Amino acid sequence: MSFTATKFSHSLLAVPVNSSSPRSNDKPLSFSSDLFKHNPSSSFLGSTQKLLRFNAINKPFLHRRSSSPSAVLLQQTSNLLITKEEGLVLYEDMVLGRSFEDKCAEMYYRGKMFGFVHLYNGQEAVSTGFIKYLRQEDCIVSTYRDHVHALSKGVPSRAVMSELFGKATGCCRGQGGSMHMFSKEHNVLGGFAFIGEGIPVATGAAFSMKYKREVLNQADSDNVTLAFFGDGTCNNGQFFECLNMAALWKLPIVFVVENNLWAIGMSHIRATSDPQIWKKGPAFGMPGVHVDGMDVLKVREVAKEAIDRARRGEGPTLVECETYRFRGHSLADPDELRNPAEKEHYAGRDPITALKKYLFENKLATEQELKTIDKKIDEILEDAVEFAEKSPQPPRSQLLENVFADPKGFGIGPDGRYRCEDPKFTEGTAHV
Amino acid sequence: MLGVIRNKSIRHTLSNFRQFSSSAKQMTVRDALNSALDEEMSADPKVFLMGEEVGEYQGAYKISKGLLEKYGPERVRDTPITEAGFTGIGVGAAYYGLKPVVEFMTFNFSMQAIDHIINSAAKSNYMSAGQISVPIVFRGPNGAAAGVGAQHSHCYAAWYGSCPGLKVLAPYSSEDARGLLKAAIRDPDPVVFLENELLYGESFPVSAEVLDSSFCLPIGKAKIEREGKDVTITAFSKMVGFALKAAEILEKEGISAEVINLRSIRPLDRSTINTSVRKTNRLVTVEEGFPQHGVGAEICTSVIEESFGYLDAPVERIAGADVPMPYAANLERLAVPQVEDIVRAAKRACHRSVPLAAAA
Chain A
1 MSFTATKFSH SLLAVPVNSS SPRSNDKPLS FSSDLFKHNP SSSFLGSTQK LLRFNAINKP
61 FLHRRSSSPS AVLLQQTSNL LITKEEGLVL YEDMVLGRSF EDKCAEMYYR GKMFGFVHLY
121 NGQEAVSTGF IKYLRQEDCI VSTYRDHVHA LSKGVPSRAV MSELFGKATG CCRGQGGSMH
181 MFSKEHNVLG GFAFIGEGIP VATGAAFSMK YKREVLNQAD SDNVTLAFFG DGTCNNGQFF
241 ECLNMAALWK LPIVFVVENN LWAIGMSHIR ATSDPQIWKK GPAFGMPGVH VDGMDVLKVR
301 EVAKEAIDRA RRGEGPTLVE CETYRFRGHS LADPDELRNP AEKEHYAGRD PITALKKYLF
361 ENKLATEQEL KTIDKKIDEI LEDAVEFAEK SPQPPRSQLL ENVFADPKGF GIGPDGRYRC
421 EDPKFTEGTA HV
Chain B
1 MLGVIRNKSI RHTLSNFRQF SSSAKQMTVR DALNSALDEE MSADPKVFLM GEEVGEYQGA
61 YKISKGLLEK YGPERVRDTP ITEAGFTGIG VGAAYYGLKP VVEFMTFNFS MQAIDHIINS
121 AAKSNYMSAG QISVPIVFRG PNGAAAGVGA QHSHCYAAWY GSCPGLKVLA PYSSEDARGL
181 LKAAIRDPDP VVFLENELLY GESFPVSAEV LDSSFCLPIG KAKIEREGKD VTITAFSKMV
241 GFALKAAEIL EKEGISAEVI NLRSIRPLDR STINTSVRKT NRLVTVEEGF PQHGVGAEIC
301 TSVIEESFGY LDAPVERIAG ADVPMPYAAN LERLAVPQVE DIVRAAKRAC HRSVPLAAAA
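Those sequence lines, one after another, are chains A and B. The numbering of the first sequence is full-length UniProt numbering, which starts it at 1 and goes up by one. The numbering of the second sequence is full-length UniProt numbering, which starts it at 1 and goes up by one.
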């Protein structure tokens, strides 16, 4: 499997390093070629222990990043992938994601939440690893398993929880629901229920970023889009159509596959002729990378490369994150088909536990600091639930709102004027 | 079908002759659409055209002729044959602030992309509670052409017309084509713009007002093409032409027909239709698509709900035959409403005795 990193590095070697990028002196090439030299037979880097050893080679690479004084003081931390602040941010985000999803399950079984709820437990490393590296202006597009993506991107827990409760204070005023999280402010372009539906939309957002730069001459339009989707989606036609067009037009997008091996009850191996999804990237002319999606640090390293690549205008990347969902497909799924041994194996690779271990071993955080974060998250969630419970349900008049941006789409009333001009048009029954 | 071509050529020569004496300019629907696209693209750099063969081929039906040279390949994008993909890309670009015009070679191909038209375009403003609006236009020829078979002749007016969150327009004349396309491109919501292949080559007189670059028609208002007092005939797209011809025939028999060009399928201009029926007391709806759950069904129900007391006769509904479009020319003629069918229906509504079935 070493050639996974090689494939990525080959395309990097072929690409001239852009001198305007702040990382131009960071030798990303040496990162990958060192990997090739010293770990020719290893798969994706193995455990965090190996990560530490391997990173000892890359001192010049890392010095740039360790900007906080506490990191520079200790000889050890200058070899690490993250600073203390970054580590705590990652930890907090993953704990927020996990606790939020657990809270959702609790609320669902109490009857406060309803409909389809798809939880993200176990996959937090992918969301945190990628999204925490983005700017606010970058976009993400997700699937129905989108609560944690929205949270990582910055949508407040209160807004997401209210949306799940179906209240008017939700991020979509209760009109979207669990599967349709949208936020214009944080550039979360949805939550889509159909698998594969978000991929062309993400490709379109990337297209518009490139269009703004090249046609509308907005030189600062270098935002990147991330499209998150699962292993089942990689057999869908829209996925291939978009890989083709994104590579053809060199769009600033990263396709992130959250390969959790299961599409409801259909195992990825049973559904796919060639289960190695990263291979589908080079077939379309873009690098395909496989990364251990249970390790947030590895995901973050790959994310940095892919996102910076896209930002520089070098085109798309396909990143396959091997990950696992600890719960069933949704809260209605009895989850009987998965082997308990498999579940145990991945439970042992819990990303939060792994990050905790890394932070302790490298003396980046103390137990007390992490407990403080845990407590803080608990309080945030309690507050979010309370806020959601106390929030009002949407008023009846909201039923007909927001169908159109220009509401003349409701047509002409019996008095010959546009219905939307009648002040009573959204009240009363739905007889419009 | 042959009859239509003959009519067009006769009209063309007549209009050539007439041009010396009248100031009304003649414009084909094709030129009307082309000029509307041209003007909107030059007015707003965020508007771009995307579809199969729109660039170097100058448009599958030459609607986008000349636009590639004028605006470049960035703004007139030839796409691979991937409707689902490029429609979704258009929707994503619209989410993020651009104004795409997505062309389907025919609306039959839009079925490969209908997920994006309905689920990510039409419903997004609602699902995001107004945060994300989708200023996109989906356009292309709709309905039956000549001898193209079942898979290329489906009319989608009723399909898209039933979906909340979409605006569905069906122009007839060049004035409609220009005004409605400009309004659609400027509209902040997803618009499905159903053209008709057989109308592309037809010429209509256009006034100076129509040729002005800020000319727009309001979305949701129907036009009364011909005033009358005995029976209301509603139609859209190509059927308006047939209805007008039927009205002339009926005039000779003493029936004064009022012809309404719907222009907008969603929102349907129920107000105009009902006002007209309350005047004439009789209704005939004409459409080319399949009868069940069609546009005519909706109009009839709307009239029955709102103007029942005014009706002097049962509502008449003319639609295409309830079969996939046959290929043979004579069968195709039977599967689509003809002028005689409209005349017969209008006479039935006016309680004249008429033979029920058409002669093959």
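For glycine and all other residues, C-beta sits at the position ideal for the given N, C-alpha and C. None of these values were measured; they are calculated from a predicted model.
How would you label Gln151 (chain B), buried or exposed, when you count the other beta carbons within 10 angstroms and need 16 or more for buried?
exposed
Please classify His149 (chain A) as buried or exposed, where buried requires at least 16 other C-beta atoms within 10 Å of its C-beta.
buried
From which residue to which residue does the alpha helix (DSSP H) around Ala246 (chain B) run?
Lys238 to Lys252
Cross-strand partners of Phe262 (chain A) (DSSP beta bridge)
For the sequence presented, residue 262 (chain A) should be read as Trp rather than Phe. Beta-bridge pairing links Trp262 (chain A) to A:Ser267.
Cross-chain neighbours of Leu98 (chain B) in chain A, by beta carbon under 7 Å:
Ser208 and Tyr211
Mind checking whether Thr323 (chain A) and Met294 (chain A) have CB atoms under 8 Å apart?
yes
Residue-chain proximity (Met113 (chain A), chain B), Cβ-Cβ < 8 Å
no
Once you ignore the five residues that flank Cys420 (chain A) on each side, which residues in its own chain have a CB closer than 7 Å to its CB?
Pro407, Lys408 and Phe410
Confirm, please, whether the CB-CB distance from Val155 (chain A) to Met113 (chain A) is below 8 Å.
no
Using CA coordinates, which residue listed in B:Phe48, B:Glu287, B:Arg186 and B:Pro314 is at the minimum distance from Phe215 (chain B)?
B:Arg186
For His180 (chain A), go through chain B and note every residue whose CB falls closer than 8 Å to its CB, in chain order.
Met127 and Ser128
Say whether the segment 284-299 of chain A touches the segment 198-212 of chain A, bearing in mind that this needs 3 or more beta-carbon pairs closer than 8 Å, one atom from each stretch.
no
Would you tell me roughly how many angstroms separate the C-alpha atoms of Ser110 (chain B) and His116 (chain B), rounded to the nearest one?
9 Å
If we ignore side chains and look at the alpha-carbon of each, how far apart do Thr143 (chain A) and Ser178 (chain A) end up?
10 Å
Confirm, please, whether the CB-CB distance from Val257 (chain A) to Leu189 (chain A) is below 8 Å.
no
Return the CA-CA distance between Gly313 (chain A) and Arg75 (chain B), expressed in angstroms with no decimal places.
19 Å
Leaving out five residues before and five after Phe242 (chain B) in sequence, what residues of the same chain have Cβ atoms less than 8 Å from its Cβ?
Ala235, Val286, Pro337, Gln338, Val339 and Ile342
Show which residues of chain B have a CB atom less than 8 Å away from the CB atom of Ser205 (chain A).
Note that residue 205 (chain A) corresponds to Ala in the displayed sequence, not to Ser. Within chain B, the residues near Ala205 (chain A) are Gly92, Ala93, Tyr95 and Tyr96.
At which residues does the alpha helix (DSSP H) containing Phe215 (chain B) begin and terminate?
Taken as a continuous stretch (DSSP letters only), Phe215 (chain B) belongs to no alpha helix (DSSP H), as it is neither H nor E.
What are the boundary residues of the beta strand (DSSP E) that Lys167 (chain B) is part of?
Lys167 to Leu169
Rounding to the nearest angstrom, what Cα-Cα distance links Ser173 (chain B) and Thr28 (chain B) in this structure?
8 Å
Return the first residue and the last residue of the beta strand (DSSP E) that Asp269 (chain B) is part of.
Counting along the chain, Asp269 (chain B) falls outside any beta strand (DSSP E), and DSSP gives it neither H nor E.
Between the segment 291-319 of chain B and chain A, which residues of the former have a C-beta closer than 9 Å to a C-beta of the latter?
Glu306
Pull out every residue of the segment 162-177 of chain B whose Cβ sits closer than 7 Å to any Cβ of chain A, in chain order.
Pro164, Gly165 and Lys167
Does Glu421 (chain A) come within less than 8 Å of chain B when only Cβ atoms are used?
no
For chain B, find out if any of its Cβ atoms is closer than 8 Å to the Cβ of Ala202 (chain A); answer yes or no.
yes
Taking all protein chains shown into account, decide if Lys424 (chain A) is buried (16 or more other Cβ within 10 angstroms of its Cβ) or exposed.
exposed
Best match in B:Ala36, B:Ile224 and B:Gly143 for proximity to Lys279 (chain B) [C-alpha to C-alpha]:
B:Ile224
At 8 Å on the CB atoms, spell out the chain A contacts of Glu74 (chain B), in chain order.
Tyr211, Glu214 and Val215
Continuous alpha helix (DSSP H) assignments of at least 4 residues falling wholly in the segment 295-353 of chain A
296-311 and 340-347
Could you have a look at Asn34 (chain B) and say whether DSSP puts it in helix, strand or coil?
helix
Quick one: is Met140 (chain A) near chain B, going by C-beta distance under 8 Å?
Note that residue 140 (chain A) is Ile in the sequence shown, not Met. No, no contact with chain B.
Segment contact flag, the segment 159-172 of chain B with the segment 118-129 of chain B, C-beta cutoff 8 Å, min 3 pairs:
yes
Roughly how far, in whole angstroms, is the beta-carbon of Arg145 (chain A) from the beta-carbon of His118 (chain A), given that I think they are within contact range, below 8 Å?
4 Å
Go ahead and label Asn281 (chain B) buried or exposed: buried means 16 or more other beta carbons lie within 10 angstroms of its beta carbon, across all protein chains shown.
buried
Can you list, in chain order, the residues of its chain with a C-beta nearer than 6 Å to that of Pro171 (chain B)? Leave out the 5 residues immediately preceding and following it.
Ala177 and Leu180
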